[in-house]
Structures are given as structure tokens and as C-alpha cells.
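Residue numbers (the numbering used here): 457 to 773.
Don't be surprised by glycine CBs; every beta carbon is placed ideally from N, CA and C.
Structure record follows, encoded as C-alpha cells.
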Amino acid sequence: MKRFNLRTQTAWKRNMGRKVTAMTALVGWLLTSPLAAIAQEIMPLYPAAVPNSKASDVQESGAESGVLKGITKPTLQYFKPAPDKASGAAVVIIPGGGYGVVVYQGEGISTAKALAEQGVAAFVLKYRLPSDAIMPDKKIGPLQDAQQAFKLVRENADKWGVDKNKVGIMGFSAGGHLASTAATHFEKSYIDNPENTSLRPDFQILIYPVISMQDSLTHGGSHDNLLGKNPSLNDIELFSNELQVRANTPPTYLTHAADDKLVDVDNSIVYFEKLRHLKVPVEMHIYPKGDHGFIFRHPGWMDPLFAWMKQNNWLKK
């Protein structure tokens, strides 16, 4: 898919509108569902100062709709599974939104509740969106927050009843780009890590992800928001995660719709091929129809995901 033009901008706005509408209905169901998990804790992501930040008058907004922007104080929200269902697995969830907003409720909280119901400790990341107004280097801000979230879960595994060797990362759309960035850039720490805690996820789950920053594949809004309109070739290649796959990249689950008009399915296909050729365990589910954000229209989309997690012993069989 080519870079943003007026048509793709219009499509992005239309799809975001559908996401918000579907999300509102889903939130209503979740609030009345007897199976709805309850958040145990919302914690600041950083114990002290937020790295790579600068003073600004930016204010967070969007709490009413569950679609957030202007985040300057990142957090992690914990959803605990019932003790009789707990598998020891944990997942850090990164909602999408084109690096322009965070679809926190619909892709974050609703997914966390579904995971907790299956025995997975779920942690929803409210991360900083790349912005020159709030950070000196906007390219690495989201990655810092993803690494910090992962470090926090792994270092507190005993406290939260988590197996530190069963901690994965999950991302949607641009959140899928951030999750795949964390899963391919873990050998370099962009945060303070005095204990040298491993930042390598044990597995990655990517839902209609943006993978590449190359013009032939990328989602233009995500590209421009993260890297700017005229990034260097080095930055394009560094954040094109299909180019960063190595033999030690974590096992991967991919799902996408073939008719996705916002983030081309070739993002997932190219990533799958890179992983396969390096013999990284990878499973991919491509639906013929569903467009972008299909999770709001296909409630059974997680069934094959849970089957994959059971096959790999991250969930109880």
C-alpha cells in the first residue's frame, strides 16, 4: 500500500469512525457481561521521571470515548485471571490508532478481559504517541514505553503470579508495529535497565499490524507520525521490522483480513515469510473479508489464537 493521499486519509477517518462506533457497542456489552474481568491495578509505567520527555502544555484527552491522545504519563493496567484458570502466561497489550490516537478501550481493555477469562494475566499499555511537542526523539518514545512495560511485568512476575518465561506482547495495527518493534529490537535497551532484565518477549501476537515503514507497504499515517514525512533511509530500514527479523525473533501469531484497505495484508505476509525462512515458529490466519479493525465485527477471532497458545503450552489445554 502506498503512502497517504487524500483518499487514504478519508478511508482512515472512516475506519476510525467505525472502530469507535463498534467499540462503544462492545464496551456496553462488556460492562454488563457477568464474565467481565476487573482491573486489579493501574500503575505508572516509570517509577520516577519519564525518559525522553520534555515540558509541554499537552493534555491527555479521550477518556469518555476510550480513544486517547495527548498521553504524557504512560501507565500499565493489570487484569488478573481467576486463580483456578491462571496459566502463568502474561501478555502486554498495545492498542493501535495510527500512532495518532490509542484505541484503548476497544483494542486494549476488551482484549485484556477476554485474555484474563482464558487464564492469561493481561496488561494494557497506555503509551506515549510520537510527538515533537513532548519528547526530544519521537521515534523511540513508544518503543521505550513498550520495553518498560515488558520489563515491569517480567521483574514483578512473582508478585503477579506470572511465569517470567511466558510473557508475550500483542499489538493491533500501529500497535502491532510497536509490538513487532519490541520483538525485533530487544537486544538494545532504550530504557534504564540496571538489572539487565531480558527485554525479549517469549511470543508476539500481531493483529492487522503495520510492519513496514517502506513506501511500498507502509501505512502512511503511522509512517509520518512516527518518523516524519522525510525520514532518513536508516530510520526507514530500522523501523521496517521485516528487515529486523533474526533467528532469535520470538514465535509469532499473525492475523489479518485480505481486504484490509487501510493496512495492506502484505505487511503480515512479508513478515511471515521472513520469519519462516529463518525457521522462527509462525502461524498466520488471513480472513478473506473483514477489512481493518475486523475484531469489532467478528467476535470469534480469538478462538484460533487461544488454540495456538494452548498448542505452545502458554495456556492450559
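Beta-carbon spacing of residue i, residue j below 7 Å
i, j, result
"G631", "P551", "yes"
"A572", "W616", "no"
"T653", "N697", "no"
"N508", "Q603", "no"
"H754", "V719", "no"
"P598", "G624", "no"
"I498", "R584", "no"
"M740", "L710", "yes"
"L782", "S636", "There is simply no residue 782 to check, as the chain begins at 457 and stops at 773 in what is shown."
"V523", "A589", "no"
"M669", "F628", "no"
"S543", "G518", "no"
"A570", "M758", "yes"
"N723", "L673", "yes"
"K525", "V559", "no"
Residues near residue i in its chain [Cβ-Cβ closer than 6 Å; skip 5 each side]
i, result
"A703", "L734"
"Y743", "A713"
"A568", "F535, I549, A578, V580"
"E693", "L699"
"R610", "K620, V623, T653"
"V721", "H712, A714"
"F659", "G624, P706, P707"
"W764", "Y709, E739"
"V736", "T705"
"K607", "T653"
"S512", "A589, I590"
"G564", "I549, P551, V580"
"P530", "L501, K582, Y583, R584, D601"
"S587", "K594"
"F642", "L655, R656"
"N768", "none"
Residues near residue i in its chain [Cβ-Cβ closer than 7 Å; skip 5 each side]
i, result
"S678", "G554, Y555, A630, H633, V666"
"A605", "L501, L532, V548, F579, L581"
"F762", "Q574, L771"
"Y646", "I596, L599, Q600, Q603"
"D716", "Y664, D747, H748"
"A638", "L599, A602, Q603, F606, I625, P657"
"V618", "G544, A546, A577, V609"
"P760", "H741"
"G756", "none"
Same chain, Cβ closer than 8 Å to residue i, neighbours up to 5 away in sequence not counted
i, result
"D648", "P507"
"K766", "K772, K773"
"Q496", "Y534, F535, K536"
"V701", "T640, Y727, K730, L731, L734, V736"
Whole-angstrom C-beta distance between residue j and residue i, which should lie under 8 Å
i, j, result
"K595", "D680", "No, K595 and D680 are not in contact; Cβ-Cβ is about 12 Å, not under 8 Å."
"T705", "L731", "6 Å"
"P592", "K541", "44 Å between Cβ atoms; not a contact."
*Kindly provide the ranges of any alpha helix (DSSP H) runs that are 4 or more residues long and lie completely inside the segment 690-752, ordered along the chain.*
722-733
*Counting only runs of 4+ residues fully inside the segment 631-700, write out the alpha helix (DSSP H) ranges in chain order.*
676-683, 689-694
*Output the residue ranges of the beta strand (DSSP E) runs that lie fully inside the segment 503-585 and measure 3 residues or longer, sorted by chain position.*
531-535, 546-550, 577-582
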